[in-house]
Amino acid sequence: MADIQAKPVDWRLSPFFRLRAVLTAAVVLSAAGSITGSGAFAAEIKDAPRWTKGSDFSSLKDWNLKGEQIVPHGVNPLYYPITPGHKHALERRDHPDGRYRKETVVLDTAEDFDIRGIGKFKTAVVQEEEYLDGALAQRTLNWIALDRATNNVLSFGEVSWKIEDGKPSFTGTWRAGDPDGDGVAEPGLLMPGTFKVGERYIYAGSKSTSYGGAENMEEGLQATVPAGTFKSCVRVREQDLIDLKDINDKIWCPEVGLVSDTSDGKLVISNALPSSNPASNVSSIGKLRDKPAKQKSAAAKVSIADAKRVALQRMPGKVTDVTIEKKRGRNVYVVEIQTGSGEVDVFVDTQTGEVVGTD
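In numbering that gives the first Met the number 0, the protein residues as written are 0 to 358.
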């Protein structure tokens, strides 16, 4: 886990918000002024949600976005460089689904937008590829841009695919300006140009697909991760507003960007680092994709019929689907059950028949 040290924090209040409660975190602050990572998974941060509604955060109506000010490429002091060719990777070996790696590349292309009330503009296309135990598992294209007037980094949506045996299958998308349930999806703010502790903002604006708010929690941190030691860092807490149990903390540092994520792990390489740092070598980006590994699952000892029976004992209802996936470090049957209150997935170990979790 990252070794994070705190310097005195300027507890300034945002001009838009007041900090109404004592900050609680996934880290513990000692009297000596040092912070130690909690080791929690994103969905295992046990703090109760600090904010639960979209109205608790600033959103499109507050940001005065104008198409002529939005550009696809640029640099925010804390965000990673949004310039074609930027590459970085995070790794997390204690991920519940296996050895995890996320590779990020800013592609040399742009996406066109024309949003009512904002106008026409282009965004960068940022590719994220996620690997489990060396096998490519997920690919996402994010549409990100910079507001030149404020230096805010903005998200305008994404499209993603699950990868199985090297073949992609569409999993979902959202796009600012497109119909979204009863309304229209809105942009999200990923990192403000000026960081102020206590400020809150919507970071993803699709109320039906990807909806969440971020809160600036701390500044003046020093963080040590595999890629190096970084100073003047900040901590941002992201709160999913669809699944309130999904809470994530991120550490962002000047020039290099994201160095620690309770969900995705720690920064291991980035070409934003000085060439004198061995972690600036990003030649491994894409190698796992070019020579894909195949996840090998041991033959199931528990039958599908027995898995259904065990799952229904835990969660009564009607089974609608059964698949085998890797969850929480094990090969499991994912038994989808329709209950009176909605759909629930029950994870049944393929070797022991034990229920190892639900979702």
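Glycine residues also receive a C-beta, built at the ideal position from the N, C-alpha and C atoms.
Original post:
If you drop the 5 nearest sequence neighbours on each side, which residues of the same chain put their C-beta closer than 7 Å to that of ASP113?
Top reply: Working through the sequence shown from its first residue, we reach residue 113 at position 114. Contacts found: LYS119.
Original post:
If LEU188 and LEU153 are in contact, beta carbons under 8 Å, what's the gap, nearest whole angstrom?
Top reply: As a working mapping, residue 188 is identified with position 189 in the sequence shown. As a working mapping, residue 153 is identified with position 154 in the sequence shown. 6 Å between Cβ atoms; contact.
Subject >> Spatial distance of ALA271 from LEU257 (CA atoms) >> reply: Working through the sequence shown from its first residue, we reach residue 271 at position 272. Working through the sequence shown from its first residue, we reach residue 257 at position 258. Distance between the alpha carbons of ALA271 and LEU257 is about 11 Å.
Subject >> Coarse secondary structure for LEU243, derived from DSSP in three states >> reply: Residue 243 sits at position 244 when you count from the first residue of the sequence shown. Looking at LEU243 - three-state DSSP - the assignment turns out to be coil, as it is neither helix nor strand.
Original post:
Which of helix, strand or coil does DSSP assign to GLY165?
Top reply: Stepping through the sequence shown from its first residue, residue 165 is reached at position 166. Here GLY165 sits in coil by DSSP.
**OP:** Let me know if GLU163 comes out buried or exposed under the rule of 16 or more other beta-carbons within 10 Å of its beta-carbon.
**Re:** Along the sequence shown, one-based indexing puts residue 163 at 164. That one is exposed.
Subject >> beta strand (DSSP E) segments (min. 3 residues) lying fully within the region 273-356 >> reply: 317-326, 329-338, 341-348
Subject >> ALA310 and VAL334 closer than 7 Å at C-beta >> reply: Residue 310 sits at position 311 when you count from the first residue of the sequence shown. Residue 334 sits at position 335 when you count from the first residue of the sequence shown. A contact, by the Cβ cut-off of 7 Å.
Subject >> Sub-7 Å separation of ILE201 and ILE143 beta-carbons >> reply: If you number the sequence shown from 1, residue 201 lands on position 202. If you number the sequence shown from 1, residue 143 lands on position 144. No, these two residues do not count as a Cβ contact at 7 Å.
**OP:** Indicate the three-state DSSP secondary structure (helix, strand or coil) for LEU366 in the structure shown.
**Re:** Given that the chain is displayed from residue 0 to residue 358, the structure contains no residue 366 and the question cannot be resolved.
Original post:
How far does the beta strand (DSSP E) with ASN141 in it reach, from first residue to last?
Top reply: Working through the sequence shown from its first residue, we reach residue 141 at position 142. Element bounds for ASN141: 134-146.
Original post:
Fully enclosed by the region 63-107, which beta strand (DSSP E) runs are 3 residues long or longer?
Top reply: 86-91
Original post:
Roughly how far, in whole angstroms, is the beta-carbon of LEU262 from the beta-carbon of ASN247, given that I think they are within contact range, below 8 Å?
Top reply: Taking the first residue of the sequence shown as position 1, residue 262 is located at position 263. Taking the first residue of the sequence shown as position 1, residue 247 is located at position 248. Contrary to the premise, residue 262 reads as Ser rather than Leu in this sequence. Correct: roughly 5 Å between the Cβ atoms.
Original post:
What residue does the beta strand (DSSP E) around THR223 start on, and which one ends it?
Top reply: For this step, residue 223 is matched to residue 224 along the sequence shown. DSSP places THR223 inside the beta strand (DSSP E), whose first and last residues are 209-224.
Subject >> Pick from VAL318, LEU240, SER259 that is closest to THR51, judged by C-alpha positions >> reply: Locating residue 51 in the sequence shown gives position 52, where the first residue counts as 1. Comparing alpha carbon positions, the residue from VAL318, LEU240, SER259 closest to THR51 is LEU240.
Original post:
On the three-state DSSP scale, how would you describe PRO253?
Top reply: The count along the sequence shown starts at 1 and reaches residue 253 at position 254. In this structure, PRO253 counts as coil in the three-state DSSP scheme.
Subject >> Span separating the alpha-carbon of TYR210 from that of PHE56 >> reply: Within the sequence shown, the letter at position 211 stands for residue 210. Within the sequence shown, the letter at position 57 stands for residue 56. C-alpha separation (whole angstroms): 12 Å.
**OP:** Please work out which residues of its chain come closer than 8 Å, Cβ to Cβ, to LEU243, disregarding the five sequence neighbours upstream and downstream, and give them in chain order.
**Re:** Indexing the sequence shown from 1 puts residue 243 at position 244. Counting only Cβ-Cβ distances below 8 Å, and skipping sequence neighbours, we find PRO48, THR51.
Original post:
Would DSSP call ALA203 helix, strand or coil?
Top reply: Your numbering for residue 203 matches position 204 in the sequence shown. It is a strand residue.
Subject >> ASP93, buried or exposed, once every other Cβ within 10 Å from all chains shown has been counted against 16 >> reply: Here residue 93 is taken as the residue at index 94 of the sequence shown, counted from 1. It counts as exposed.
Original post:
In chain order, what residues of the same chain lie with their CB nearer than 7 Å to the CB of THR208, ignoring the 5 residues before and after it?
Top reply: Counted from its first residue, the sequence shown places residue 208 at position 209. Listed in chain order, the non-local C-beta contacts of THR208 below 7 Å within the same chain comprise GLY171, TRP173, local neighbours out to five positions each way being set aside.
Original post:
How many Å lie between TRP251 and VAL105 at the Cα?
Top reply: As a first step, residue 251 must be located in the sequence shown, where it is residue number 252. As a first step, residue 105 must be located in the sequence shown, where it is residue number 106. About 18 Å.
**OP:** Assuming GLY227 and ASN276 form a contact by the criterion Cβ under 8 Å, report the distance between their Cβ atoms to the nearest whole angstrom.
**Re:** Your numbering for residue 227 matches position 228 in the sequence shown. Your numbering for residue 276 matches position 277 in the sequence shown. At roughly 6 Å, the Cβ-Cβ gap stays under 8 Å, so GLY227 and ASN276 are in contact.
Original post:
So which of ASN141, HIS87, GLU157 has the shortest CA-CA distance to VAL125?
Top reply: Against the sequence shown, residue 125 aligns to sequence position 126. Checking every option, the nearest Cα to that of VAL125 belongs to ASN141.
**OP:** Please list, in chain order, all residues of the same chain as GLN350 whose beta carbon is under 6 Å from its beta carbon, the five residues on each side excluded.
**Re:** Start at 1 with the first residue of the sequence shown, and residue 350 comes out as number 351. The answer, listed in chain order, is LYS300.
Original post:
Looking at C-alpha atoms only, which residue of GLY116, TYR79, ILE117 is the closest neighbour of GLY192?
Top reply: For the purposes of this step, residue 192 is taken as the residue at position 193 of the sequence shown. Taking only the C-alpha atoms, the option nearest GLY192 is TYR79.
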